[in-house]
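Here is the structure we will look at, set down as structure tokens.
Laid out in structure tokens, this is it:
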């Protein structure tokens, strides 16, 4: 998404936008059907309406059953994420989600166009996990070959769906702020706020 915005800005302005840093967090740049999970999701996205019907049926289950199902599939969610996900078990949300996935797989089926990233060079940073389904170690190596100046931050304790965990979200927010600070001139850098809430959440036990 950020790359599309940059490309559009360059197309409508005579001068390139002044970009300090582009941070890609667990990017999904190219479909890779050699991985089992992507292959499974690709197959499911071919029938978004059918998946919507399944979502509607699951939405009729008792609350305890829905919570168990969501946690079984999601691998452990914080309470707020569990409640929000349970509320999404309906036809429209599930159908739209799988239709979006269908569009992503279609748009990302071909080779990656590295031109924008190559122009940005060392202004690009990536946060990734070598075991991430959507941006694996192999994907990172392909990016590095195309854009040698890109800087990677391997976060093995993080996960693609970090937003389902308050601890992971707080930790990633702090890490992202630190990385973005590196792209700013010294005069523009500020102290990253460590509020009691963020410090407490980031220091909680793993989940």
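In the working numbering, the protein residues as written are 17 to 223. Glycine included, each C-beta is placed from N, C-alpha and C at the ideal position. All of these numbers come straight from a predicted model, not from anything done at the bench.
Within the same chain, show all residues whose beta-carbon is closer than 6 Å to that of residue i, passing over the 5 residues directly before and after it, in chain order.
i	result
residue 41	143
residue 151	42, 43, 144
residue 34	none
residue 68	107, 110, 111
Applying the 10 Å Cβ sphere with the 16-neighbour rule, what's the burial state of residue i?
i	result
residue 114	buried
residue 79	exposed
residue 125	exposed
residue 222	Legend: pLDDT at residue 222 = 44, less than 50; position of this residue unreliable, no value from coordinates given.
residue 84	exposed
residue 159	buried
Who pairs with residue i in a beta bridge, going by DSSP?
i	result
residue 60	DSSP output for residue 60 lists no bridge partner at all.
residue 293	What is shown of the chain runs 17 to 223, which leaves residue 293 out entirely.
residue 40	142
Quick one: give me the first and last residue of the alpha helix (DSSP H) that residue i is part of.
i	result
residue 110	107-123
residue 86	79-90
residue 101	95-102
residue 156	153-162
residue 197	182-198
residue 136	131-136
By the DSSP assignment, the beta strand (DSSP E) with residue i in it spans what residues?
i	result
residue 47	Where residue 47 is concerned, there is no enclosing beta strand (DSSP E), given that its DSSP letter is neither H nor E.
Within a Cβ cutoff of 7 Å, which residues of the same chain sit near residue i, ignoring the five residues on either side of it in sequence?
i	result
residue 136	35, 38
residue 121	47, 58, 61
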